[in-house]
Amino acid sequence: MTAPASSLSAHGDRHFDGLADKFAASLYGGVRGELRLALLDQLLPEMLELHGQPLLDVGGGLGQLAGWFAERGHAVTLAEPSGEMLARAGEFLAGQEVRLIQAPLQALPEQAPGPWSLIACHAVLEWLGDPRTALATLAGLLAPGGQLSLMVFNRDALRFSNVVKGNLEKALADRLEGRGERLRLTPISPLTHAQVEAWSAECGLAVRGVAGIRIFNDYLRQPPQSDADREALLALERRYCRVDPHWRLGRYLLYTLVRPATSPETRPPLPDTDKESQA
Ligand SMILES: C[S@@+](CC[C@H](N)C(=O)[O-])C[C@H]1O[C@@H](n2cnc3c(N)ncnc32)[C@H](O)[C@@H]1O
Numbered sequence: 001m002t003a004p005a006s007s008l009s010a011h012g013d014r015h016f017d018g019l020a021d022k023f024a025a026s027l028y029g030g031v032r033g034e035l036r037l038a039l040l041d042q043l044l045p046e047m048l049e050l051h052g053q054p055l056l057d058v059g060g061g062l063g064q065l066a067g068w069f070a071e072r073g074h075a076v077t078l079a080e081p082s083g084e085m086l087a088r089a090g091e092f093l094a095g096q097e098v099r100l101i102q103a104p105l106q107a108l109p110e111q112a113p114g115p116w117s118l119i120a121c122h123a124v125l126e127w128l129g130d131p132r133t134a135l136a137t138l139a140g141l142l143a144p145g146g147q148l149s150l151m152v153f154n155r156d157a158l159r160f161s162n163v164v165k166g167n168l169e170k171a172l173a174d175r176l177e178g179r180g181e182r183l184r185l186t187p188i189s190p191l192t193h194a195q196v197e198a199w200s201a202e203c204g205l206a207v208r209g210v211a212g213i214r215i216f217n218d219y220l221r222q223p224p225q226s227d228a229d230r231e232a233l234l235a236l237e238r239r240y241c242r243v244d245p246h247w248r249l250g251r252y253l254l255y256t257l258v259r260p261a262t263s264p265e266t267r268p269p270l271p272d273t274d275k276e277s278q279a
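In this text, residue positions in the sequence shown follow the UniProt record's numbering: the first is 1, and each later residue adds one.
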């Protein structure tokens, strides 16, 4: 199936109509997909405080993450603008109680305002024309004390892998992003850790945790050849995914961003007894 040459939405975003098969094979097929899911299975319970709270999964794609949360007792709402991806998610999640809504992130303040105590937005911001405003929109959907599990495609890792592959001129010119054309899966807005830190601070979100997803795999000269090699690679990815400097070159960066329970302006004054005990 061929998508039209100009594949961007009115907001300049790349909805994945026409890309479902390619995405399924490229991102979830083979070792890459196995590592991504195995690492999320380890990291989500470590990085999030989970107690079965409702979850909004923004840009939920084929539904793997929604399924993971639904299996653990969360009432999941999956929002996704692409009708093709949403249909595939519906098939994948058949039999699970997941509410599906066809909507882009920008429409969620009207269509799923919450406020939500738990939101996931994985591998979506890098496909948007204006990821900075999108992060502010997500922050606005969070309840006080709410957690956002954010995963973004790492621009610095993209540079590194281009150099490793010998694309030196491209790296030198810093021509790293894709243009969202046809069936290409190079994100149009890969992000740096510095951007995520700065934009989170702008919209009042605290960075509570960060990890790298696939810190080694995408730089290998040859893929693991045996089951033993695959296991050793997974063990290495698990051991170093939160260790500096390795996490910084993960193909994706996974964050827990938290909206403070009360902002300084709205925090009620301490009662006199508390003031004394804190003196
Ligand atoms: C790389 S896929 C990630 C899917 C899923 N979150 C995952 O981690 O497997 C990016 C998804 O973002 C969706 N998307 C694109 N623009 C969007 C927007 N404005 N709002 C919400 N989702 C969007 C695409 O249609 C696609 O399903």
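Cβ atoms here follow ideal geometry from the backbone N, Cα and C, with glycine treated the same way.
Rounded to whole angstroms, the separation of the alpha carbons of Trp247 and Pro81 is 30 angstroms. Measuring C-alpha to C-alpha distances from Gly52 to each of Ile119, Leu233, Ala112 identifies Ile119 as the nearest. Residue pairing of Ala211 in beta bridges, as defined by DSSP: Leu254. If one requires a minimum length of 4 residues, the alpha helix (DSSP H) runs lying completely within the stretch 114-169 are 131-141, 155-164, in chain order.
The alpha-carbon separation between Ile213 and Phe153 amounts to approximately 10 angstroms.
The bridge partners DSSP lists for Val76 are Leu55, Val98.
If you check the C-beta of Phe160 against ligand 1, you find no heavy atom less than 8 angstroms away. With respect to Arg259, Ala139 sits close: the two C-beta atoms are nearer than 9 angstroms. With a cutoff of 8 angstroms, Trp127 counts as near ligand 1, since its C-beta is closer than that to a heavy atom of the ligand. Here Leu168 is exposed. Its C-beta has fewer than 16 other C-beta atoms within 10 Å. With a beta-carbon spacing of about 28 angstroms, Leu55 and Val31 fall beyond the 8 angstroms limit used to define contacts. In the structure shown, Ala206 falls within a strand segment according to DSSP collapsed to helix, strand and coil. Burial is judged here by how many other beta carbons sit within 10 angstroms of a residue's own beta carbon; Ala123 has at least 16 and is buried.
Only residues of its own chain outside the window of five on either side were considered, and among them none has a CB closer than 7 angstroms to the CB of Ser226.
Ala134 has its CB nearer than 8 angstroms to a heavy atom of ligand 1. Put simply, of His193, Leu176, Thr192 the residue whose alpha carbon is nearest the alpha carbon of Leu185 is Leu176. From the listed residues Thr133, Ala24, Gly129, the smallest Cα separation to Ala198 is found for Thr133.
Between the alpha carbons of Leu254 and Asp156 lies a gap of roughly 14 angstroms. DSSP places Gln222 in no alpha helix (DSSP H); its state is neither H nor E. Contact check between the stretch 233-249 and the stretch 206-220: three or more CB pairs, one atom from each, fall below 8 angstroms, which counts as touching. Beta-bridge annotation (DSSP): Leu108 is not paired with any residue. In the three-state DSSP reduction, Leu191 falls in the strand class (E or B). Of the residues assessed, Val210 falls on the buried side of the cut-off, its CB having 16 or more other CB atoms within 10 angstroms. Between the alpha carbons of Leu43 and Glu110 lies a gap of roughly 31 angstroms. Per DSSP, the unbroken alpha helix (DSSP H) holding Pro45 starts and ends at 30-47.
If you draw a 10 Å sphere on the C-beta of Leu105, you find 16 or more other C-beta atoms in it, and that means buried.
Taking C-alpha positions only, His15 is separated from Pro131 by approximately 14 angstroms.
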